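Everything in the sequence shown is counted per the UniProt record's numbering, starting at 1 for the first residue and increasing by one. Glycine included, every Cβ here is placed at the ideal spot set by N, Cα and C. All figures in this text were calculated on a predicted structure; none of them were measured in a lab.
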Amino acid sequence: MEKELTIVVPVYNEEDNLERVEKELAAYAKTAKIPVKVLFVNDGSKDKSQEMIEKICTDSEIFNFVCFAENRGLSAAIKAGFDNTETNLVGYIDSDLQTAPADFDLLLEYIGEYDLVTGVRANRKDSFVKNMSSKIANGIRRTFTKDGMDDTGCPLKIIKTDYAKRIPMFKGLHRFLPAMILLQEGKIKQVPIQHFPRIAGEAKYGLWNRLLGPLMDCFAYVWMKKKYINYSIAKKG
């Protein structure tokens with residue numbers, strides 16, 4: 001089966017970024033190694049994001065959208081993206097474009113052998129506090145999950161869609177996508193990618209939910225790991 005990629009773009013009050021998102025993703029779709037679609041998931045934005053998304057989708061066939069009735073958070077937006085993907089590969093990028101769509105090609109080089117390929121932000125262009133809090137949170141998560149990943153918060157990933165659809169998402173689980181693929185006995189890999197400063201809009205996470213949130217989510221992950229159902233079918237008749 002020919003590979004095709006749907007790029008999920010969660011959106012929450014990103015009206016200042018959406019024109020650039022349209023331009024860069026449309027440009028990437030023209031040069032990508034495989035056919036690409038883009039799926040906006042509007043997480044209950046209160047600005048002009050939805051109006052802009054609908055215009056983008058009207059102007060180009062590669063763009064589609066899902067719009068929440070109210071704000072439900074990043075994990076819910078990612079799950080909605082997975083649920084509404086019809087291609088055999090699904091990717092994810094933040095609408096602040098601190099990662100480059102062109103770097104999806106770096107991940108695509110490995111997606112045949114691996115079931116999830118995630119970026120690792122090299123030379124991060126964030127503040128000292130944000131960088132340090134992310135390092136601490138990643139250290140806490142690795143202790144619990146043993147997934148070996150250095151940067152699960154990196155907003156550039158590709159997953160085989162059949163694996164993505166089997167992830168039992170809960171709030172905060174977007175930090176645990178590699179670990180959830182391992183629970184399915186899948187293979188994961190991380191690849192260094194570019195990182196850029198945010199040039200418009202506001203970050204949606206502060207120091208408190210970068211540290212406390214991941215710690216609390218680790219306990220939820222441990223519970224889920226004990227309860228997780230995994231099976232393979234040998235025969236059907």
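Could you check the C-alpha separation between residue i and residue j for me, to the nearest Å?
i: Ala-80; j: Val-66; result: 8 Å
i: Gln-98; j: Thr-31; result: 20 Å
i: Asn-17; j: Met-216; result: 31 Å
i: Val-11; j: Cys-154; result: 16 Å
i: Ala-179; j: Ser-95; result: 24 Å
i: Gly-148; j: Ala-76; result: 25 Å
i: Glu-15; j: Ile-233; result: 47 Å
i: Leu-39; j: Lys-171; result: 20 Å
i: Pro-35; j: Lys-3; result: 8 Å
i: Ala-220; j: Glu-54; result: 36 Å
i: Val-222; j: Asn-13; result: 33 Å
i: Ile-93; j: Lys-236; result: 38 Å
i: Ser-60; j: Cys-218; result: 40 Å
i: Val-21; j: Ile-56; result: 10 Å
i: Leu-5; j: Ile-159; result: 9 Å
i: Val-117; j: Glu-185; result: 14 Å
So the candidates are the options; which of them puts its Cα closest to the Cα of residue i?
i: Lys-157; options: Asn-64, Phe-63, Lys-48, Ile-193; result: Ile-193
i: Asn-84; options: Glu-54, Val-8, Ser-75; result: Val-8
i: Arg-121; options: Ser-75, Leu-173, Val-21, Val-191; result: Val-191
i: Lys-48; options: Ile-62, Glu-19, Asp-150, Glu-61; result: Glu-19
i: Lys-165; options: Tyr-110, Gly-119, Val-117, Leu-89; result: Leu-89
i: Ala-27; options: Asn-13, Val-41, Lys-46, Ile-62; result: Ile-62
i: Phe-196; options: Leu-5, Asp-103, Thr-6; result: Asp-103
i: Lys-46; options: Phe-68, Leu-25, Asn-64, Ala-29; result: Phe-68
i: Ala-29; options: Lys-55, Leu-74, Ala-100, Phe-82; result: Ala-100
i: Arg-72; options: Tyr-163, Tyr-221, Gly-112, Met-169; result: Met-169
i: Lys-146; options: His-174, Glu-113, Lys-225; result: Lys-225
i: Met-1; options: Ile-56, Asn-42, Val-21, Gly-112; result: Gly-112
Suppose contacts are defined by Cβ-Cβ distances below 8 Å. Is residue i in contact with residue j by that definition?
i: Phe-70; j: Gly-91; result: Note on residue identity: the sequence assigns Glu, not Phe, to residue 70. No.
i: Leu-108; j: Lys-33; result: yes
i: Leu-183; j: Tyr-231; result: no
i: Lys-187; j: Asp-105; result: no
i: Thr-152; j: Thr-87; result: no
i: Tyr-110; j: Lys-37; result: no
i: His-174; j: Leu-74; result: yes
Exposed or buried, residue i, counting other C-beta atoms within 10 Å across all chains shown (16 or more means buried)?
i: Met-52; result: buried
i: Thr-58; result: exposed
i: Gly-119; result: buried
i: Phe-82; result: buried
Is residue i close to chain C, meaning its C-beta is less than 8 Å from at least one C-beta of that chain?
i: Arg-175; result: The chain labelled as chain C is not found in the depicted structure, where only one protein chain is given.
Tell me which residue opens and which closes the alpha helix (DSSP H) that residue i is part of.
i: Ile-56; result: 49 to 59
i: Tyr-92; result: Looking at the DSSP string, Tyr-92 is not in any alpha helix (DSSP H); the run it does join, the beta strand (DSSP E), is 89 to 93.
i: Lys-23; result: 18 to 31
i: Leu-173; result: Premise fails: Leu-173 is in no alpha helix (DSSP H) and is neither H nor E.
i: Phe-104; result: 104 to 108
i: Lys-79; result: 74 to 83
i: Leu-39; result: No alpha helix (DSSP H) holds Leu-39; the beta strand (DSSP E) holding it covers 36 to 42.
i: Pro-101; result: Run containing Pro-101: none; DSSP gives neither H nor E here.
Quick check on the DSSP output: the beta strand (DSSP E) that includes residue i runs from which residue to which?
i: Pro-10; result: 5 to 11
i: Arg-121; result: 116 to 121
i: Lys-157; result: 156 to 160
i: Lys-189; result: 188 to 193
i: Phe-65; result: 63 to 67
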